[in-house]
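Have a look at the structure below, then the notes.
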Amino acid sequence: GNSVTQMEGPVTLSEEAFLTINCTYTATGYPSLFWYVQYPGEGLQLLLKATKADDKGSNKGFEATYRKETTSFHLEKGSVQVSDSAVYFCALSDRDYKLSFGAGTTVTVRA
Amino acid sequence: GAVVSQHPSRVICKSGTSVKIECRSLDFQATTMFWYRQFPKQSLMLMATSNEGSKATYEQGVEKDKFLINHASLTLSTLTVTSAHPEDSSFYICSASLGGGYTFGSGTRLTVV
Chain A
1151 GNSVTQMEGP VTLSEEAFLT INCTYTATGY PSLFWYVQYP GEGLQLLLKA
1201 TKADDKGSNK GFEATYRKET TSFHLEKGSV QVSDSAVYFC ALSDRDYKLS
1251 FGAGTTVTVR A
Chain B
11 GAVVSQHPSR VICKSGTSVK IECRSLDFQA TTMFWYRQFP KQSLMLMATS
61 NEGSKATYEQ GVEKDKFLIN HASLTLSTLT VTSAHPEDSS FYICSASLGG
111 GYTFGSGTRL TVV
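Order-wise, the sequence lines are chains A and B. Just so we're aligned, residue 1151 is where the first sequence starts under our numbering, counting upward by one. Just so we're aligned, residue 11 is where the second sequence starts under our numbering, counting upward by one.
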């Protein structure tokens, strides 16, 4: 079946530091890949997505590239802000449109 | 943008009672909604897929008599946890598929005492 393995947290960074959250997946076929973010007290929001190999999703300074050869979709941001403190989820969807999530990574950015 | 409203955000109930969680699509019609459960420090696990006007499809290992799902209209899906026990305490989240993406509710923290 499908599965997503995500870097364990928590991750604590200083403002303007570089952030990487690793995500690898196992799937049959060619899934779509997503990063969702959950800010404190809020629901999940789509951060970015990629639907095919070599696609790069980007939003709010975050980027992730769909790497089929390494089955990875690592999330990166060059300079984090305090407002980026949240829980980040890597996910994939299959042909039935069901989402499989990683465990989530809690990121805390300190001023 | 598309909004899914989920209520209540928190609920505490006594063992043996039932709790209903509502999920409404506010500005679009949701033919399909998904219900997830999240244990502390763990991933969101899909419980069931809810289709308007038909029976929900449950994932393996999820008790359909325990977690009753009703999707009677295109804007409302409900999850009822029946005869709740402390092990049902968890974070429940609904989502709706829309245009190739997904919109999530803000979740419900259920505590059974």
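Every residue gets a Cβ at the ideal spot worked out from N, C-alpha and C, and that includes glycine.
| query | result |
| --- | --- |
| Per-residue burial, proline 1181 (chain A) [other beta carbons within 10 Å of its own, 16 or more giving buried] | buried |
| Same chain only: Cβ atoms within 6 Å of alanine 66 (chain B), ignoring 5 sequence neighbours per side | Ala58, Ser60 and Ile79 |
| Local Cβ density within 10 Å of isoleucine 31 (chain B), reported as buried at 16 or more and exposed below that | buried |
| Reference tyrosine 46 (chain B); option with closest CA among B:Thr85, B:Asp37 and B:Thr113 | B:Thr113 |
| C-beta neighbour in chain B for glycine 1211 (chain A), strict 9 Å | no |
| Test: glycine 1179 (chain A) CB closer than 9 Å to a CB of chain B | no |
| Bridge partner(s) assigned by DSSP for threonine 1170 (chain A) | A:Glu1226 |
| Coarse secondary structure for serine 1233 (chain A), derived from DSSP in three states | helix |
| Sheet register partners of tyrosine 68 (chain B) (DSSP bridge) | B:Ala58 |
| Sub-9 Å separation of serine 99 (chain B) and leucine 120 (chain B) beta-carbons | yes |
| CB of methionine 43 (chain B) within 9 Å of CB of serine 87 (chain B), strictly | yes |
| Beta-carbon proximity check, threonine 1221 (chain A) vs threonine 1176 (chain A), cutoff 9 Å | yes |
| Chain-order list of residues whose beta-carbon lies under 8 Å from that of proline 1160 (chain A) (same chain, five-residue window excluded) | Thr1255, Thr1256, Val1257 and Thr1258 |
| Cross-chain neighbours of lysine 1248 (chain A) in chain B, by beta carbon under 8 Å | Phe44, Leu56 and Thr59 |
| Residues that DSSP places opposite histidine 17 (chain B) in a beta bridge | B:Glu32 |
| Inter-stretch contact (C-beta, 8 Å, three-pair minimum) for the region 1213-1232 of chain A and the region 1163-1174 of chain A | yes |
| Threonine 1155 (chain A) to aspartate 1246 (chain A) span [Cα, whole Å] | 20 Å |
| Beta-bridge pairing of serine 83 (chain B) - partner residues as DSSP gives them | B:Leu86 |
| Proximity test, Cβ basis, 9 Å: phenylalanine 1251 (chain A) and chain B | yes |
| Closest Cα partner of leucine 1197 (chain A) within the set A:Gly1179, A:Asp1244 and A:Phe1223 | A:Phe1223 |
| Spatial distance of glutamate 73 (chain B) from valine 91 (chain B) (CA atoms) | 10 Å |
| Chain A within 9 Å of valine 72 (chain B), Cβ atoms only | no |
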